[in-house]
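According to this note's numbering, the stretch in the sequence shown is residues 25 to 333, in order. Think of the CB as a built atom: it goes at the ideal place given N, C-alpha and C, for glycine as much as any other residue. Just so it is clear, the structure is predicted and the values come from calculations on it, not from any experiment.
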Amino acid sequence: MNEIKIFSPATVANISCGFDCLGLAINDLGDTMVFTKTDDQKVSIKEITGANLPYDIHKNAASAVALAMLQKHPADFGLEVSIHKGFEPGSGLGSSAASAAGAAFAVNELLDKPFSQLELTKFAMLGEQVACGSPIADNVAAAIHGGFILVQQYDPLKIIKLPVPSELEVVAIHPQVTVKTKDAREVLPQNVPLADAVIQWANVGGLISGLYTNDYEVIANSLEDLIVEPARKHLIPHFDLVKEAAIRGGALNAGISGSGPTIFALCKGSETAKNVFKNINEVYANTGIDFTMVHSKINTQGVTILEKN
Ligand code: HSE
């Protein structure tokens, strides 16, 4: 194989109660990337469209991952990378994670698959480190594995893939404001009251139970975040308005996607999701803040191959 074109999905990290440990992948939003073998043993970026991102191979999440993989598994070829961003960086939908996970997956294919999915997740975490300063796993693991994932442990890294109830859909709104992950992490409490922690970890257990049993009521009851959402929501204009509109439209619940500013709502079924989309669209149109929205099924496959030759 000389060239591979892949799709790498956007992701929702945290999923309300699961700060830094739960993630899910979205079907209809993501990056398209092309990796072409070259005769020299260098990594270069040919083209980036859809976003203003660094061409410096040590500062770009995708090329940094490719470099690390070729260092670990030397090859007799180099790589030229083209990145077509399908959504904006800084959205809270795992933009750097999509590029990092896409690179890990594609380079592994071109190397004849020497690495496991867990190893690919670790390489992709290096891309997160380059792009955002922390090697967070929740977005990249969801992009690589698809579906819902639990980062059960960081050291050593353990990822558990969770089932996806078939009628579950996501609606998300991206208000055009900037929330830096670094700033969103600085507002987090360093200590948590035990009573809140009990509710939070019970909700994580409830959510996972609901995913395994297709129990949408249990999922809805578990999508509550007592710790991170209250500390971060002031960074997102009209967060409560969106959440109310989503719930009024029939959503199971809504929360902050990753570190924001995107707000996501999980819904049972397409009709409800369309209703939630309409409700959120209507209320946000009155705020005077620009926004984009997406309605999608959950991506269950992770990174996928579009073409290879
Ligand atoms: N779990 C991370 C956070 C996602 O919420 O800070 C952002 O990379």
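Check, Outcome
"Residues that I81 bridges to, as DSSP identifies them", "In the DSSP output, where bridge partners are listed per residue, I81 has none listed."
"Limits of the alpha helix (DSSP H) - the one that L218 falls within", "218 to 237"
"Host alpha helix (DSSP H) of A125 (start-end)", "119 to 134"
"Segment contact, 8 Å Cβ cut-off, at least three pairs: the stretch 42 to 51 with the stretch 314 to 332", "yes"
"T311: CB within 6 Å of a non-hydrogen atom of the ligand HSE", "no"
"Beta carbon of D314 nearer than 7 Å to that of Q200", "yes"
"Three or more C-beta pairs below 8 Å linking the stretch 117 to 129 and the stretch 146 to 163", "yes"
"Inter-residue Cα distance where the pair is F59 and E191", "34 Å"
"Given F31 as reference, the closest of Q95, K137, A90, I168 once Cα atoms are compared", "I168"
"In DSSP terms, what E193 is bridged to", "C291, K321"
"N- and C-terminal bounds of the alpha helix (DSSP H) containing K206", "205 to 210"
"Secondary structure of N248, DSSP reduced to three states", "The amino acid occupying residue 248 in the given sequence is Glu; Asn does not appear at that position. E248 falls in the coil class under three-state DSSP."
"Residue of M25, T35, A121, K70 minimising C-alpha distance to S320", "T35"
"Residues that G102 bridges to, as DSSP identifies them", "T62"
"As assigned by DSSP and simplified to three states, the class of M149", "helix"
"Spatially closest choice to S40 from K29, S120, I223, E248, by CA coordinates", "E248"
"V67 beta carbon less than 7 Å from that of A90", "yes"
"Cβ contact check for the stretch 206 to 216 and the stretch 297 to 304: 3 or more pairs under 8 Å", "no"
"Distance between A289 and E133 (C-alpha atoms, nearest Å)", "34 Å"
"A1: CB within 6 Å of a non-hydrogen atom of the ligand HSE", "Since the first residue of the chain shown is 25 and the last is 333, residue 1 is not available in this structure."
"Nearest-angstrom Cα separation, counted from I69 out to V216", "44 Å"
"Short Cβ contact (7 Å threshold) for V318 with A196", "yes"
"Selected residue, minimal CA-CA separation from A122, among L330, K146, D55, F172", "D55"
"Residue of G273, T311, Q224 minimising C-alpha distance to C45", "Q224"
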